[in-house]
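Residue numbers (this note's numbering): -14 to 183.
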C-alpha cells in the first residue's frame, strides 16, 4: 500500500516511516496515533509520509498488512503438529508484542465483529492454512471433524493465552526462561489434547 519509492534513499525513508508507525499504532491505536510523532521518529516529515501513504488510515493499513504477512512468514502452520505451531506463535508474540497489539487496535477501531481483516484479504491469507488443516483431517493427523477455520481460530486463541492482550496475564520476554518453558509445555499439551490424531 502507498507509493513505492523510486530510489534506495526513498525506500530507506519509507522503511523508517513503517517502523515508526508500527510502534506508534501499537501503542496508541489508529485514533490516538499522531502523524507528526511518526514523521519525527522516522527522521522524515509529514509531507513525505503523505506522499507514500496518502492518509493516516492507509498508513495503518500498510503497517497492519505487513504485520499479518510477518506472522504468516515467520510462523507458518504445521498441521502435523498444531501444538508446536501454537508454541511458535506464543514465541513470536514475546518477540514482537507490537504485532498482537496492532491486531487488537484493528479489532477495536475497525472491525468489532466478524473477520478481523476484509474478507477477500482473509481468504487469501488463510487459504493455505485451512487447506493444510483439511488435509491433516483427511489423513487423520488431526482427528477432530470440525470446520478447519474453527480449528485454526481455536489454536490461535490458545496461543494468545499469555499474549500482550490477555485479560488474565500478559507475559513478557524478560520473564524467567523456566516460566516460558512451563507455558510452552502446557500449551503444546492442551492443543494436542484438543486436536488429537484420529
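A virtual CB, placed ideally from N, CA and C, is assigned to each residue, including glycine.
Taking only the alpha-carbon atoms, compute the straight-line gap between residue i and residue j and give it to the nearest angstrom.
| i | j | result |
| --- | --- | --- |
| residue 64 | residue 17 | 38 Å |
| residue 172 | residue 137 | 15 Å |
| residue 69 | residue 115 | 17 Å |
| residue 126 | residue 67 | 10 Å |
| residue 162 | residue 31 | 42 Å |
| residue 110 | residue 57 | 8 Å |
| residue 150 | residue 168 | 16 Å |
| residue 175 | residue 45 | 35 Å |
| residue 112 | residue 159 | 35 Å |
| residue 177 | residue -3 | 43 Å |
| residue 179 | residue 132 | 14 Å |
| residue 91 | residue 101 | 7 Å |
| residue 155 | residue 73 | 16 Å |
| residue -1 | residue 89 | 24 Å |
| residue 38 | residue 166 | 41 Å |
| residue 24 | residue 5 | 8 Å |
| residue 81 | residue 157 | 10 Å |
| residue 108 | residue -8 | 33 Å |
| residue 62 | residue 164 | 24 Å |
| residue 96 | residue 60 | 24 Å |
| residue 185 | residue -6 | No answer is possible for residue 185: it lies beyond the span of the chain, which begins at -14 and ends at 183. |
| residue 153 | residue 143 | 13 Å |
Taking residue i and residue j to be in contact with their CB atoms under 8 Å, please state how far apart those CB atoms are, rounded to whole angstroms.
| i | j | result |
| --- | --- | --- |
| residue 147 | residue 75 | 7 Å |
| residue 22 | residue 9 | 6 Å |
| residue 1 | residue 28 | 6 Å |
| residue 86 | residue 11 | 4 Å |
| residue 14 | residue 84 | Wrong, their Cβ atoms sit about 14 Å apart, outside the cutoff. |
| residue 145 | residue 78 | 7 Å |
| residue 129 | residue 71 | 15 Å between Cβ atoms; not a contact. |
Along the alpha helix (DSSP H) that carries residue i, what are the first and last residues, could you check?
| i | result |
| --- | --- |
| residue 90 | 82 to 94 |
Exercise. Per the contact definition of three or more C-beta pairs closer than 8 Å, is the segment 116 to 127 in contact with the segment 43 to 54?
Worked result: These segments do not touch.
Exercise. Along the chain, which unbroken stretches of the alpha helix (DSSP H) at least 4 residues long are found entirely within the segment 101 to 170?
Worked result: Here the runs fully enclosed are 104 to 124, 133 to 144.
Problem set entry | Ranges of the beta strand (DSSP E) found wholly within the segment 1 to 71, counting only runs of at least 3 | Whole beta strand (DSSP E) segments, 3+ residues: zero.
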